[in-house]
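Chemist:
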Amino acid sequence: MAKSCLSLPPGGGSVELMHLDAGIHYSDLLAVPRLAQAAEAMGIQGLWFSEIAHDPFLGAALAAEHTTGATVGTAIALAFVRSPTSLAYLAWDLARLSGGRFVLGLGTQVRAHVERRFGMSWDRPAARLRDVVAAVRAVWRCWREGTPLRHQGPFYSLSLMTPFFTPPPFAGTIPIYLAAVNPTMCRLAGEVADGLHVHPLHSAAYLRDVVLPAVDRGLRRSGRTRSDFTVAASVVIVSGEGAGWERSAAQARQTIAFYASTPAYRGVLAHHGWEDVGERLSRLAAAQRWAEMPGLVSDEMLATFTVLAEPSTVADRLRQRYAGLLDRVSPYQAFDPDDPLWPALARDLR
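At position 322 of the sequence shown (counting the first as 1) the number is 322 in my numbering, and the numbers step up by one without a gap.
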């Protein structure tokens, strides 16, 4: 639908500071240094690498090597397809390489991908993810303090670490962020992690009513407050002029339809009374009728799950929508130094 037929919120909003981050997507690893340097030079404060068609740790290593100040992290790496000790080594080395700028972002993925694409176990995901985090930290504690490695959890048992296998020291901290959609995982993140990666399929209402209260429950369990925790989110933005707006809206509908077809994310739709739309999208996806799926995403859904904004007001819309909800925001669109959206956001969100 044309921009004029969609209701845009008024401009302005809170001036509360949010860090601007970018997802670095690439088809060739050789492009990562150029993209990372361009993003940092633009003033973008965090560079995130996802586990889709590439190993995110390789991209993160290149970005860490070719930048000096930006946060570098995974958003996210799959927690169940590597051993906790492997994750501990990767994060430790990247923290040392980056001078303490690395964030280990972990998530579960959905059962089908872990079991059928990676051939690994997925059962009891919340309990397993809790055990992964505890095991990784046990390895780090062993290296940092020179104490025996002892971790006995429901899924992982670790008891061997000799000096020969201990990496050089790292004195800093390595934050762990967890990806979460549903209340159980959000509460887990608040209890055991340093931050949360919010899924792109979200709304301000879902953050306010479901995500953050669950995080707060977890924080209380761990004796911490919201000031001890970081909430980061990837945000779908619809913007542009003329045909550019139409392309942006069409891409956003495809994105929403794709994620909303996944049963694991059904709670986000149910919060707005659109659970039936998710079920219909799941049936279309199962039948591989992909082209029909965006047509089920209504204008109201588009306005709920995306930021709709004129190019000159995107930063204002982000502030208005997410003030008090997010600490870090990353456009869902892949970072492109030639896209005018990025320098404008880097300038206006400062």
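Here a beta-carbon is modelled for each residue, glycine too, at the ideal position from N, C-alpha and C.
1) Given this structure, state the Cα-to-Cα distance separating LEU281 from PHE165, to the nearest angstrom.
2) Rounded to a whole number of angstroms, what is the C-alpha to C-alpha distance between ASP157 and ARG150?
3) Quick check: what's the CA-CA separation for GLN251 versus GLN333?
4) So what does DSSP say about TRP48, is it helix, strand or coil?
5) Tell me whether THR313 sits in a helix, a strand or coil according to DSSP, three-state version.
6) If we ignore side chains and look at the alpha-carbon of each, how far apart do ASP194 and ARG141 end up?
7) Just how far apart, CA to CA, sit PRO311 and GLU241?
8) Could you say which of LEU219, VAL210, PRO331 lies nearest to ALA233 if we only look at CA atoms?
9) With which residues is ASP21 paired in a DSSP beta bridge?
10) Find out if the Cβ-Cβ distance for the pair ALA36, LEU29 is shorter than 8 Å.
11) Would a C-beta distance cut-off of 8 Å place LEU178 and VAL268 closer than the cut-off?
12) Looking at the unbroken beta strand (DSSP E) that takes in ILE176, where does it start and where does it end?
13) Going by Cα to Cα distance, which pick from ASP336, ALA77, ALA309 is closest to ILE52?
14) On a CA-only basis, which of LEU284, THR304, LEU308 is nearest GLY244? Give me that one, please.
15) Which word fits PRO154, buried or exposed, when buried means at least 16 other C-beta atoms lie within 10 angstroms of its C-beta?
16) In the DSSP assignment, what residue or residues form a beta bridge with GLY146?
17) Measuring CA to CA, which of GLY73, ARG226, THR162 is closest to ALA95?
18) Can you give me the Cβ contacts of PRO294 inside the same chain, cut-off strictly under 6 Å, excluding the 5 residues immediately before and after it?
19) Within 10 angstroms of its Cβ, does ALA286 collect 16 or more other Cβ (buried), or is it exposed?
20) Is the CB-CB distance between ARG328 and MET18 below 8 Å?
21) Which residues mark the beginning and the end of the alpha helix (DSSP H) in which SER282 is found?
22) Using three-state DSSP, classify ILE256 as helix, strand or coil.
23) When the distance is taken between beta carbons, is ARG226 closer than 8 Å to LEU219?
24) Between ALA323 and TRP342, what straight-line distance do the alpha-carbon atoms span, to the nearest angstrom?
25) What's the C-alpha gap between ARG111 and ALA126?
26) Between which two residues does the beta strand (DSSP E) containing ARG217 stretch?
27) Quick check: PRO167 and TRP92, are their CB atoms within less than 8 Å of each other?
28) Taking the Cβ atom as the reference point for each residue, do ALA382 and SER86 lie within a distance shorter than 8 Å?
29) Just to confirm before moving on: does the CB-CB distance between VAL81 and VAL114 stay below 8 Å?
30) For PHE229, which option in GLY146, ALA31, CYS186, ASP123 has the closest C-alpha, if you only look at C-alpha atoms?
31) Excluding the 5 residues preceding and the 5 following ALA38 in the sequence, name in chain order all residues of the same chain whose CB lies nearer than 7 Å to its CB.
32) Under the rule that 16 or more other beta-carbon atoms within 10 Å means buried, what is ARG350, buried or exposed?
33) Measuring CB to CB, does VAL359 end up less than 8 Å from VAL231?
34) Can you grab the Cα-Cα spacing for the pair SER222 / VAL192, in whole Å?
35) I need the straight-line Cα distance from SER50 to GLY23, nearest angstrom please.
Modeler: Answer, in terms of the structure:
1) Start at 1 with the first residue of the sequence shown, and residue 281 comes out as number 281. Start at 1 with the first residue of the sequence shown, and residue 165 comes out as number 165. PHE165 has its alpha-carbon roughly 49 Å from the corresponding atom of LEU281.
2) Within the sequence shown, residue 157 is the residue found at index 157, counting from 1. Within the sequence shown, residue 150 is the residue found at index 150, counting from 1. The amino acid occupying residue 157 in the given sequence is Ser; Asp does not appear at that position. SER157 and ARG150 have their C-alpha atoms spaced approximately 8 Å apart.
3) Within the sequence shown, numbered from 1, the residue matching residue 251 stands at position 251. Within the sequence shown, numbered from 1, the residue matching residue 333 stands at position 333. When rounded, the distance between both Cα atoms is 10 Å.
4) The residue you call residue 48 lines up with position 48 of the sequence shown. The DSSP-derived three-state label of TRP48 is strand.
5) The residue given as residue 313 occupies position 313 in the sequence shown. Correct three-state label for THR313: helix.
6) Counted from its first residue, the sequence shown places residue 194 at position 194. Counted from its first residue, the sequence shown places residue 141 at position 141. So the two alpha carbons sit approximately 16 Å from each other.
7) Counting from 1 along the sequence shown, the entry for residue 311 is found at position 311. Counting from 1 along the sequence shown, the entry for residue 241 is found at position 241. Distance from the CA atom of PRO311 to the CA atom of GLU241, rounded to whole angstroms, is 8 Å.
8) For the purposes of this step, residue 233 is taken as the residue at position 233 of the sequence shown. Comparing Cα positions, the closest option is PRO331.
9) Here residue 21 corresponds to residue number 21 of the sequence shown, with the count starting at 1. Paired residue(s): GLY46.
10) Reading the sequence shown from its first residue, position 36 is the one you call residue 36. Reading the sequence shown from its first residue, position 29 is the one you call residue 29. At a Cβ-Cβ threshold of 8 Å, ALA36 and LEU29 do not count as neighbours.
11) The residue you call residue 178 lines up with position 178 of the sequence shown. The residue you call residue 268 lines up with position 268 of the sequence shown. Cβ atoms of LEU178 and VAL268: not closer than 8 Å.
12) Indexing the sequence shown from 1 puts residue 176 at position 176. It spans 176–180 - the beta strand (DSSP E) in which ILE176 sits, taken as one unbroken run.
13) The residue you call residue 52 lines up with position 52 of the sequence shown. For the residues ASP336, ALA77, ALA309, the minimum Cα distance to ILE52 belongs to ALA77.
14) As a working mapping, residue 244 is identified with position 244 in the sequence shown. For GLY244, the nearest C-alpha among the options comes from LEU308.
15) As a position in the sequence shown, residue 154 is number 154, starting the count at 1. Per the 10 Å Cβ criterion, exposed.
16) The residue given as residue 146 occupies position 146 in the sequence shown. In the DSSP output, where bridge partners are listed per residue, GLY146 has none listed.
17) Residue numbering aside, residue 95 sits at position 95 when the sequence shown is read from its first letter. Closest by alpha carbon: GLY73.
18) Position 294 of the sequence shown, counting from 1, holds the residue named residue 294. If we look at PRO294 and ignore the five residues flanking it on each side, its Cβ neighbours are ARG253, GLN254, ALA257.
19) Along the sequence shown, one-based indexing puts residue 286 at 286. Its Cβ having fewer than 16 others within 10 Å, ALA286 is exposed.
20) Translated into positions along the sequence shown, residue 328 becomes position 328. Translated into positions along the sequence shown, residue 18 becomes position 18. It is a contact, given that the beta carbons lie within the stated cut-off.
21) Your numbering for residue 282 matches position 282 in the sequence shown. Boundaries of the alpha helix (DSSP H) harbouring SER282: 275–286, taken from the DSSP string.
22) Translated into positions along the sequence shown, residue 256 becomes position 256. Looking at ILE256 - three-state DSSP - the assignment turns out to be helix.
23) Position 219 of the sequence shown holds residue 219. Position 226 of the sequence shown holds residue 226. A distance below 8 Å separates the beta carbons of LEU219 and ARG226.
24) On the sequence shown, position 323 is the one that residue 323 refers to. On the sequence shown, position 342 is the one that residue 342 refers to. For ALA323 and TRP342, the distance between alpha carbons rounds to 20 Å.
25) Reading the sequence shown from its first residue, position 111 is the one you call residue 111. Reading the sequence shown from its first residue, position 126 is the one you call residue 126. So the two alpha carbons sit approximately 12 Å from each other.
26) In the sequence shown, residue 217 corresponds to position 217, counting from 1. Careful: ARG217 lies outside any beta strand (DSSP E), inside the alpha helix (DSSP H) at 212–221.
27) One-based indexing of the sequence shown puts residue 167 at position 167. One-based indexing of the sequence shown puts residue 92 at position 92. In this structure, PRO167 places its C-beta atom within 8 Å of the C-beta atom of TRP92.
28) The first residue shown for the chain is 1 and the last is 350, placing residue 382 beyond what the model contains.
29) Counted from its first residue, the sequence shown places residue 81 at position 81. Counted from its first residue, the sequence shown places residue 114 at position 114. Contact flag set, yes.
30) Counting from 1 along the sequence shown, the entry for residue 229 is found at position 229. Here the closest residue by C-alpha is CYS186.
31) Here residue 38 corresponds to residue number 38 of the sequence shown, with the count starting at 1. Once the five neighbours on either side are set aside, the close Cβ partners of ALA38 are PRO337.
32) Numbered from 1 along the sequence shown, position 350 holds the residue referred to as residue 350. Exposed.
33) This structure cannot settle anything about residue 359, because the visible part of the chain is limited to 1 through 350.
34) Here residue 222 refers to the residue found at position 222 of the sequence shown. Here residue 192 refers to the residue found at position 192 of the sequence shown. Roughly 7 Å separates the two Cα atoms.
35) Counting from 1 along the sequence shown, the entry for residue 50 is found at position 50. Counting from 1 along the sequence shown, the entry for residue 23 is found at position 23. In this model, SER50 and GLY23 are separated by some 8 Å (Cα to Cα).
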